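Engineer: Attaching a single structure in structure tokens format; questions to follow.
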DNA sequence: ATGGCCTTGGTACAAGGA
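Numbering (our numbering), first residue to last: 1 to 257.
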């Protein structure tokens, strides 16, 4: 079973690339972030024509998430974080083939001294409570998405320049560790990986060509699923396309039960 | 090297992203 996450930075722009990627990478579940589409504009028919079921939670212009899955579809779908009042469409959850899949577009936070950072901290508190609750009922659980947190210095191309900056603050990293403390593990780090592995590269500064990026797109798997994890990779190929998203997909492979 | 790019809304350029 393969599951993946991808921040597409506008599904309206990236739909052809998404369909190409799915044709080459027939995953069982895929969560998308930054679809930037209200639900009435979501390209459901095109995705279904490609052989996927899809549930989505969007808004105009900003944010927006979706969960694609194979024929059996996603069960018990939840949109956003219950009990957390939020104008932004950031979370979608469903059960796919017995695995509880939570897809998240974590707040950016803008700057550590900003109101948006305060929101990020509140959102992370709410997410942690939600994930803890979900884990009680679904021990086979995957939390994946654009975390907008670089968990460690090795996830940052220039840790000195980024020290204390957004994505790298001690507060954000503490939240990441608290999520792991619920009984989740970073699937990417279960394996030896190439040094300087990133999932996002700035559009500016020839950052992709110079491999200057961050690893902020992350797949956490529950302790129950951990023995089934066989591989976790970042697929840089779509970042080499014309008109790419600034993020690359991340894929995890689970052994059959 | 100040910012350099991309997307949206809307039709000029500002805001947000990371």
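Positions of the beta carbon are idealized from the N, C-alpha and C atoms, including for glycine. This structure is a prediction, so every number in the text was calculated from the model and none was measured.
Can you tell me which of 64, 85, 49 and 103 puts its alpha carbon nearest to the alpha carbon of residue 74?
Structural biologist: Your numbering for residue 74 matches position 74 in the first chain. The candidate whose alpha carbon is nearest that of residue 74 is 103.
Engineer: With hydrogens ignored, establish whether the beta-carbon of residue 240 is closer than 8 angstroms to any heavy atom of the ligand ADP.
Structural biologist: Among the components modelled here there is no ligand, and therefore nothing to report on the ligand ADP.
Engineer: Could you have a look at residue 119 and say whether DSSP puts it in helix, strand or coil?
Structural biologist: Taking the first chain and counting its residues from 1, one reaches residue 119 at position 119. Residue 119: helix per DSSP, three-state reduction.
Engineer: What are the start and end residues of the beta strand (DSSP E) that includes residue 65?
Structural biologist: Taking the first chain and counting its residues from 1, the one referred to as residue 65 is at position 65. Start and end: 65 to 69.
Engineer: How would you label residue 206, buried or exposed, when you count the other beta carbons within 10 angstroms and need 16 or more for buried?
Structural biologist: Counting from 1 along the first chain, the entry for residue 206 is found at position 206. Exposed.
Engineer: Please go through the stretch 162 to 193 and give each complete beta strand (DSSP E) segment of 3 or more residues, from N-terminal end onward.
Structural biologist: Fully enclosed beta strand (DSSP E) runs of 3 or longer: 184 to 186.
Engineer: How far does the alpha helix (DSSP H) with residue 237 in it reach, from first residue to last?
Structural biologist: Counted from its first residue, the first chain places residue 237 at position 237. Residue 237 -> no alpha helix (DSSP H), and no H or E assigned at all.
Engineer: In chain order, what residues of the same chain have a beta carbon less than 8 angstroms from the beta carbon of residue 112, not counting five sequence neighbours either side?
Structural biologist: Working through the first chain from its first residue, we reach residue 112 at position 112. Same-chain partners within the cutoff: 164, 165, 166, 169 and 171.
Engineer: Counting Cβ pairs, one atom from each stretch, are 3 or more of them under 8 angstroms apart for the stretch 57 to 77 and the stretch 90 to 102?
Structural biologist: Cβ pair count under 8 angstroms is three or more, so yes.
Engineer: Of all the options 142, 255, 77 and 154, which has the alpha carbon lying nearest to the alpha carbon of residue 312?
Structural biologist: No statement about residue 312 is possible, as the shown extent of the chain runs from 1 to 257 and does not include it.
Engineer: Enumerate in chain order the residues of its own chain whose CB-to-CB distance from residue 140 is below 7 angstroms, with the five nearest sequence positions on each side excluded.
Structural biologist: On the first chain, residue 140 is found 140 positions in, with the first residue counted as 1. These residues qualify, in order along the chain: 98, 99, 100, 222, 224 and 225.
Engineer: Using three-state DSSP, classify residue 36 as helix, strand or coil.
Structural biologist: The residue labelled residue 36 in the question sits at position 36 within the first chain. Note: residue 36 maps to coil in three-state DSSP.
Engineer: Return helix, strand or coil for residue 4, following the three-state DSSP convention.
Structural biologist: Position 4 of the first chain, counted from the start, is the residue given in the question as residue 4. Residue 4: strand per DSSP, three-state reduction.
Engineer: Considering only DSSP beta bridges, list what residue 143 is partnered with.
Structural biologist: Residue 143 sits at position 143 when you count from the first residue of the first chain. Its beta-bridge partners are 102 and 220.
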